[in-house]
Structures are given as structure tokens and as C-alpha cells.
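Protein sequences, first through last, are from chains A and B.
This note's numbering applies: residue 1 is where the first sequence begins, and numbers increase by one.
This note's numbering applies: residue 355 is where the second sequence begins, and numbers increase by one.
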Amino acid sequence: MHFAFTDEQAMIAETAKAFFAEQATSERTRAAMAATGVDEALWQAFTAELGLAGVAVPESEGGVGLGMIELAILAEEAGRHVAALPLLASVGLAIPAILAGGSDGQKMRLLSRLAAGELVASFAEAAPGTIWSDGALTGSALHVPHGARADLFVVAVDDKALLIERDTPGLAVTPLTSMDQTRPYARLDFGAVAAEPLADPAAALAAARHTGALVLAADALGGAQACLDRTVAYAQERIQFGRAIGSFQAVKHRLADMMVGIEQARSAVYWAACAIDERSDEAVFAVHAAKAFACDTYSDAAGEMIQLHGGIGFTWEHDAHLYFKRARSDRTLLGTPDWHRERIAQMAGLDEAA
Amino acid sequence: MKLGFSPDEEVFRAEAAAWLTAELGGPFADVRGLTSLTDAPERRRDWERRLGEAGWSCVGWPKAYGGRDATLAQQVIFAEEYARAGGPPRLNHIGIELAGPTILAFGTDEQKARFLPAIAKGEEIWCQGYSEPGAGSDLANVRTRAWREDDDWVIEGQKVWTSLAQFSDWIFVIARSEEGSRGPKGLSFLLVPVDQPGVTVRPIHQITGEAEFNETFFDGARTDAANILGTPGDGWKVAMGLLGFERGVSTLAQQMGFRNELDAVIAAARTNGAAKDPLIRQRIAKAEIGLRLMRYGALRMLTHAEDGKLNPAALTYKIQWATWRRDLGELAMDVLGQAGETTPGGDYAFPALPNLFLYSRADTIYGGTNEIQRNIIAERALGLPREPRGDLK
Ligand SMILES: Cc1cc2nc3c(=O)[nH]c(=O)nc-3n(C[C@H](O)[C@H](O)[C@H](O)COP(=O)(O)OP(=O)(O)OC[C@H]3O[C@@H](n4cnc5c(N)ncnc54)[C@H](O)[C@@H]3O)c2cc1C
Numbered sequence: 001m002h003f004a005f006t007d008e009q010a011m012i013a014e015t016a017k018a019f020f021a022e023q024a025t026s027e028r029t030r031a032a033m034a035a036t037g038v039d040e041a042l043w044q045a046f047t048a049e050l051g052l053a054g055v056a057v058p059e060s061e062g063g064v065g066l067g068m069i070e071l072a073i074l075a076e077e078a079g080r081h082v083a084a085l086p087l088l089a090s091v092g093l094a095i096p097a098i099l100a101g102g103s104d105g106q107k108m109r110l111l112s113r114l115a116a117g118e119l120v121a122s123f124a125e126a127a128p129g130t131i132w133s134d135g136a137l138t139g140s141a142l143h144v145p146h147g148a149r150a151d152l153f154v155v156a157v158d159d160k161a162l163l164i165e166r167d168t169p170g171l172a173v174t175p176l177t178s179m180d181q182t183r184p185y186a187r188l189d190f191g192a193v194a195a196e197p198l199a200d201p202a203a204a205l206a207a208a209r210h211t212g213a214l215v216l217a218a219d220a221l222g223g224a225q226a227c228l229d230r231t232v233a234y235a236q237e238r239i240q241f242g243r244a245i246g247s248f249q250a251v252k253h254r255l256a257d258m259m260v261g262i263e264q265a266r267s268a269v270y271w272a273a274c275a276i277d278e279r280s281d282e283a284v285f286a287v288h289a290a291k292a293f294a295c296d297t298y299s300d301a302a303g304e305m306i307q308l309h310g311g312i313g314f315t316w317e318h319d320a321h322l323y324f325k326r327a328r329s330d331r332t333l334l335g336t337p338d339w340h341r342e343r344i345a346q347m348a349g350l351d352e353a354a
Numbered sequence: 355m356k357l358g359f360s361p362d363e364e365v366f367r368a369e370a371a372a373w374l375t376a377e378l379g380g381p382f383a384d385v386r387g388l389t390s391l392t393d394a395p396e397r398r399r400d401w402e403r404r405l406g407e408a409g410w411s412c413v414g415w416p417k418a419y420g421g422r423d424a425t426l427a428q429q430v431i432f433a434e435e436y437a438r439a440g441g442p443p444r445l446n447h448i449g450i451e452l453a454g455p456t457i458l459a460f461g462t463d464e465q466k467a468r469f470l471p472a473i474a475k476g477e478e479i480w481c482q483g484y485s486e487p488g489a490g491s492d493l494a495n496v497r498t499r500a501w502r503e504d505d506d507w508v509i510e511g512q513k514v515w516t517s518l519a520q521f522s523d524w525i526f527v528i529a530r531s532e533e534g535s536r537g538p539k540g541l542s543f544l545l546v547p548v549d550q551p552g553v554t555v556r557p558i559h560q561i562t563g564e565a566e567f568n569e570t571f572f573d574g575a576r577t578d579a580a581n582i583l584g585t586p587g588d589g590w591k592v593a594m595g596l597l598g599f600e601r602g603v604s605t606l607a608q609q610m611g612f613r614n615e616l617d618a619v620i621a622a623a624r625t626n627g628a629a630k631d632p633l634i635r636q637r638i639a640k641a642e643i644g645l646r647l648m649r650y651g652a653l654r655m656l657t658h659a660e661d662g663k664l665n666p667a668a669l670t671y672k673i674q675w676a677t678w679r680r681d682l683g684e685l686a687m688d689v690l691g692q693a694g695e696t697t698p699g700g701d702y703a704f705p706a707l708p709n710l711f712l713y714s715r716a717d718t719i720y721g722g723t724n725e726i727q728r729n730i731i732a733e734r735a736l737g738l739p740r741e742p743r744g745d746l747k
């Protein structure tokens, strides 16, 4: 038992922290928001130069060969800066699906190119009424993260997982204006689109949903910590009534409560990551717990950040709204906190006979 | 990062579990599952002695003082197995978790040899004499005085909220030993025998109807000059070191027992149908999540402690568990409904869950109130400006 980073993990965290702090600046994020929502130079550096999209892909498949803890570390640091990257779509959802459920041929064809960032993939839950028959998909998927940037999709239809390339005839991709402009959505329409099933769909869908939830929880943890750090800094410098506002208990206590929540979220995220890596019986429970808890924590922290910054916190110029909107997106994607808690209620045995 | 336990550690777990099950299923079946801190004190004293005799009382302490030199992981495992086997709250928890570690950290070799084995063997029960009528959150405001007379310290004053003093053999006291001193200066940390003419213990009835805590009066009470921890006038440092223990390792064991309380709430919800209510389900799920996060928070904190690093996250732990447990008490009552508000018989003594509802109101008060915890987090972890004081310059 050793519930702390190893030296190597601490080094990865330091490196990631420095990388995002230097590159995922507010100016660059805002430039990306005004365009496609992706900071292409940042993606290039993250994937092609550092190979980090393949952090949890085995070396034999062209990846770095690490695990969920390292992936969580990266997602946390990216979240700290609301980085404009298709990290969730490609690294959190599509790669795990292909890795867990692809045939050898599918993995060989796709993983090393995804890990190198040459391809961006996303994951789509098909809308009700979408039909897969005779090798063709008809219907739609409504809110696909980074759908307009993706070259490739893993589409979940009932208990199937299908691979569809962007340029397949019959596929229409419509970019949507998303509240969080750093995580834009697109709508996919499938007009009898030819698709290739993944070899083990159950494994693919479970891996996408659990890894995706972990990445969202880690993003939320990093974001919440940034909200706290920036608000503490502001509370120390902003003077009202002749005192720093951070000397008032009404402010201090709320910042303290933010920290209490964040430290629990940190335990949750790293417990979940560890549990997946160790293939523990608790892994599914831990992922639901982490997603629910960290996303609640982030929403609260981002809301408090706006409130405690006063008027400036409500402006477009200030970064508070980037966090606030990302927190909302983290919360909604892959099931709200209430949805995850309902899963936990079932796991706690509430439906068993007394 | 690694959460699993090693095969050796699992061997230790099996050994602990086997011993605990045999004792609590056999000769000590009558104390198994007790929750009140004041029930059956004589039998619980026997239980302390039995644990001590078999070397299971203070597993993390050095062997020389009656412990087992257990590693952090082993301490965690023992705490888990203790709760799983239905071990009752430890009558000497203040001795084991507060007095012992403080003596270990600040005591002389003679003091360690005198006091530690007696705690580990369950022979001497301890209580904590910090709070006074005018010194609660503002602990440095103590008025109780102590002075040297011949080979003794003499003590005069009043303590309050002294838990378990009525069962205790020893009390540790912070007292003002330099006349005219104020605040944290000029205090001494004294170890004082309870059973003597100069000490009077008067039980105070609590919200639950029980009397776990007391008023403790010192009227020319005496203790040997050797029974001071640290140097005269430097007691604040010792007292604060002790609060570190209070918020540290000790709370891990306690929260393992919370598992049993949550299980009881879930069982009640399944029995009376409350488990079908979507809002109750959400709250139970929140409690489940919170419980695991306490466990992993504690493991994180202890991993850091073992590496010799201070992690500011440790400052959040008290408020986490206290608030969690208070919420659990509310949840338990909402699950039980009116059945929770009545109890058969004439005694004002409620079963475990309603009692938890009442008792948990203390969790956010003792050991530093939630408000004081927030001040500590804001100032020490976040670096915000200190609270202004009205009286001291
Ligand atoms: C069940 C129980 C067992 C106990 N056992 C022991 C024991 O064994 N030995 C022992 O020495 N003591 C014990 N105590 C005492 C306990 O440590 C004190 O009650 C506690 O420190 C609070 O002090 P107080 O009761 O004087 O409240 P006060 O300090 O008077 O506080 C009253 C209210 O004011 C708030 N407040 C005070 N100061 C501030 C501030 N600076 N900022 C914001 N809010 C503030 C508090 O949070 C609280 O809400 C026990 C208490 C209980 C309930």
C-alpha cells in the first residue's frame, strides 16, 4: 500500500504542469475558442512531440505503455488550464475503446496513428431510433465531443461498437456552437453509412465509458484546483473595507470548504485510477464515485470563483467563465452526478430484499 | 501508486481477524457491537487488558513499550479487522491515541518506561484536561494554575467537558505555570493522577442522556515534579503536537467503524422501504462515496506521513469525517421516520442510530469546531490573513 505518486509519476506531473502552464495560456485558449475550439499547436506538441496521446497504450501498440494514473495526471493538468484539446474525445474515449475491443488488425491499423496524434477520433452514443443492419448505419448522434475535428468515430449503437471514418459516404457532420467553446460538439447524421464493428463491443464500450469518466473526473479535479488557487490569490490582493477580502471569515470559510471538497475529489480520482490499473473489484464503484464527486466539486468551485471575484468574475475577459462552462460540460457528459450516484445506490444493495 | 496489500500483510490480516473473532465471539461476546462510550465500563476495562495482554492494544507502538512495531499498512489492517469483528469503542482511546503518542514524542526515557507499557497493557486509563469554561476554541486562554511546591506540582482551577474522566486513572492538563503570562506563553503540560483528594470529577449529562464528559475540579491537586512533558512554560508546543495526533493516525481507526453505522442505515432502509425513495438513494450513495473518500484520504495522508512529508490535505480530514457523520445521523433519522423518535421503556436511552443522530452533533465541536477547522485550513494551507484577536497584542 502506497497511496502517493511514485518518483516517476511525480516527474510526469511536474513535466505536465510546466507544459500546460507554458503553452495552454489564456490567450491561446481564447484564440482557439474563436476558431475551431482546438489549439492545434498544443495538440501537435502534446501528441507528435511528446507522444502523450498514447500514454496508456502499450508500447507494442505504439504507445508509452503507462496506465490510468498517468492518464489522470495529464488530464488533471490539462483541466487546470481548460486546455483546448480533443483529449477527452480521442484519448479518453476512442483510444480505450479500440484498445479494449479492437481486433489485432484494427489495433494495428489505428492505435499508433491515434497515439501519435495523426488521427483524432471521437466516441458517439447513437440517438434512439438509430439502426444498424446489413452493415449500414442509419440515424444520428446528437452531441459528439470534438466531432467536427475527428477523423474517425467509435459509435455505440445498442450493444455494438462501430468504427466509422470521417469521409465515409453518407456521413454528415454538423458543427454545433457549444457553451464550452474549448470542448465543441458536433451532430452526426448517418445515411446508411458503412461501418466496421469492433471485435469485442462489450469491452470497447465499458472501456470508453469508464476511462472517459475518469478523464472527466481528473479534468474536473484540475479545474477545481485552479479555481481555488486563483480565487485565493485574488482574495489576498483585493482590498475592501480596508482589508484583504480573504481576511473575512465569510470568504475564508468558503475557500476552506473548497479545499475540503477538492482534497476528497483528489482521493476519488486517484483511487479510481489505481483501482482500474490494479483491476480491483472496486474499480467500477470508484469510477462512479470519482465522476460524481469531482464534477460536483468543480461546479461548486467554479461557481464560487465567479461569486468571490465579484463583478469582474462575470466578465468575458476574466477566465472564470471558461472554468464555469467546462465544469458544466464535465458534469453533463457521460452521466450527471445523480446518474452515477444511482448506480452506486444499486451497488450498495438497496434493491436487495430485506 | 499502489492500493493492494502484500501477501505478508494479508497473513497479518488473517492473524488479527482470527484472534478478534475468537475473542469477540467467545469470552468477550458481551462487549461485541457496543456503541456507547459509557456502557459496561468494567467489562470494557477487561477488554482493554485482554487486548494488551495479547499485544493487540497499540499495534503501531514500539515493542519495547508493549506494541507490535506494526507498519502503517498493518495498522490500517488491524483497524479494519477490529471494526469488522464488531470491536467496541476503546475505553482508553484517549490514552492510546493522544496521551501515548504525545509521551512517545515529548517524554523522557523514564516517562516513556513509566507510562507507555501501562497504557498498552490496558492498566491505566487516561483523559484529556484541556478545555475550561473560558477556554474552548480559544484554548490558549487557560486559567488553571500550576506551581512548584517541594517535589510536586500543585494545581488549582477547573476543566470542563473532560471525556471519560470518571473512568480514568490519569489526566493530562495544560495549566498556567508563569504568573501574569497570557496566551500560549507560560503554560505547562502536566500528567496528573485522578484518584486523589485534590481532584473532583462531576459528570455532566449530554444531549443523548448519557454522561460521557465531566467537570473536573483541581483544588490543590498534586503530581510529582517529574510528571511534566517538555519544559515548564513550554506546554503549548506539547499541547499542539498532541492535536496533530488527534487529527492524524487515530481518526483512521475510528472511521472504519463508520462502515458499520452506514450498513445499519442501509439495512434499516431496506427493511422499511425507504430504500425505494430516489432522494434517500441519492443520500445513501453520497454517504457511500464519502466513506470511501475518507478511507482513501486517510491512506493518502498516512502515506505522506510515513514518507516524513507534511501534506496540507491532512488539515481537511477532521472536517470531512465530522461533517460526514453528522449528515449520516440526519439520514438515519429520515430513513427511520417516527420509529426513530421513540424508544421502548422508561429510560432516555436510544438505540444506536437515533443515538448517532444526537451524538454526531458533538463531532463538529470537539477536537476543534468546524469553524476553527476552516480557519486553520484557510490560514495554514491557503495562506490567508490570520484572524484578528480582540484581547492580545
Ligand atoms: C462530546 C465532547 C467531548 C469533549 N471531550 C473533551 C475532552 O475530553 N477534553 C477536553 O479538554 N475538551 C473536550 N471537549 C471540549 C471541546 O474541545 C470544546 O467544546 C471545543 O473546543 C469548543 O469549545 P467551546 O465548547 O468552548 O465552544 P466556543 O469556543 O465557545 O465556540 C462556540 C461557537 O463559536 C464558534 N467560534 C469560536 N471561535 C471562533 C472563531 N475564531 N471563528 C469562528 N467561529 C468561532 C465555534 O465554532 C462555535 O460554533 C469535548 C467536547 C464535546 C462536545
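The C-beta atom is built at its ideal place from N, Cα and C for all residues, glycine as well.
query	result
Whole-angstrom distance between A:T36 and A:H146, CA atom to CA atom	9 Å
Short Cβ contact (8 Å threshold) for B:R502 with B:G488	no
Among B:F521, B:D588, B:G595, B:P547, the one whose alpha carbon lies nearest that of B:F567	B:F521
Distance cut-off 7 Å: B:C481 Cβ against heavy atoms of ligand 1	yes
Check whether A:T231 and A:T29 have beta carbons under 8 Å apart	no
Residues in the region 644-659 of chain B having any Cβ partner in chain A nearer than 7 Å	R646, L647, Y650, G651, L653, R654, T657, H658
For B:G441, the nearest candidate out of B:R367, B:V385, B:S714 (CA to CA)	B:V385
Interface positions of the region 230-245 of chain A facing chain B (Cβ-Cβ less than 9 Å), listed along the chain	V232, A235, Q236, R243, A244
DSSP state of B:N446 mapped onto helix, strand, coil	coil
B:T657 versus B:R743: straight-line alpha-carbon distance, rounded	36 Å
CA-to-CA distance, A:M1 to B:E660, given in whole angstroms	11 Å
Proximal residues to A:R254 (C-beta, below 8 Å), its chain only, five neighbours per side dropped	E304, L308
Under the three-state DSSP convention, the category B:G483 falls into	strand
Per-residue burial, B:K672 [other beta carbons within 10 Å of its own, 16 or more giving buried]	buried
Same chain, Cβ closer than 8 Å to A:E14, neighbours up to 5 away in sequence not counted	none
Min CB distance B:T718 to chain A below 8 Å	no
Test: B:F567 CB closer than 8 Å to a CB of chain A	no
contact_flag[the region 543-554 of chain B, the region 517-531 of chain B] where n(CB pairs < 8 Å) is 3 or more	yes
Neighbourhood of B:G420 by C-beta distance below 8 Å, restricted to the same chain and skipping five residues each side	G406, G409, S411, C412, L470, P471, I473, A474, K475
Secondary structure, alpha helix (DSSP H): runs of 4+ residues fully inside the region 132-205 of chain A	none
Closest by C-alpha distance to B:S485, when choosing among B:A732, B:G721, B:R740, B:G737	B:G721
Three-pair Cβ contact test at 8 Å for the region 153-161 of chain A versus the region 117-126 of chain A	yes
Paired residues, beta bridge with B:P557 - DSSP	B:N568
Outcome for A:H288 when other beta-carbon atoms lying within 10 angstroms are tallied against a minimum of 16	buried
Distance cut-off 7 Å: A:Q249 Cβ against heavy atoms of ligand 1	yes
Complete runs of the alpha helix (DSSP H) confined to the region 241-286 of chain A [at least 4 residues]	249-277
B:T516 Cβ short of 7 Å to ligand 1 heavy atom set	yes
Where A:Q44 sits in the DSSP three-state scheme	helix
Inter-stretch contact (C-beta, 8 Å, three-pair minimum) for the region 292-302 of chain A and the region 370-380 of chain B	no
Residues sharing a beta bridge with A:F123, DSSP	A:V154
Through-space distance from B:I726 to A:D7, alpha-carbon basis	35 Å
Proximity test, Cβ basis, 8 Å: B:R635 and chain A	yes
Inter-residue Cα distance where the pair is B:N614 and A:L216	32 Å
Interfacial residues, the region 340-353 of chain A to chain B, with Cβ spacing under 9 Å	H340, R341, E342, R343, I344, A345, Q346, M347, A348, G349, L350, D351, E352, A353
Span of the beta strand (DSSP E) around B:S542	541-547
Cutoff 8 Å: A:I12 Cβ touching any chain B Cβ	no
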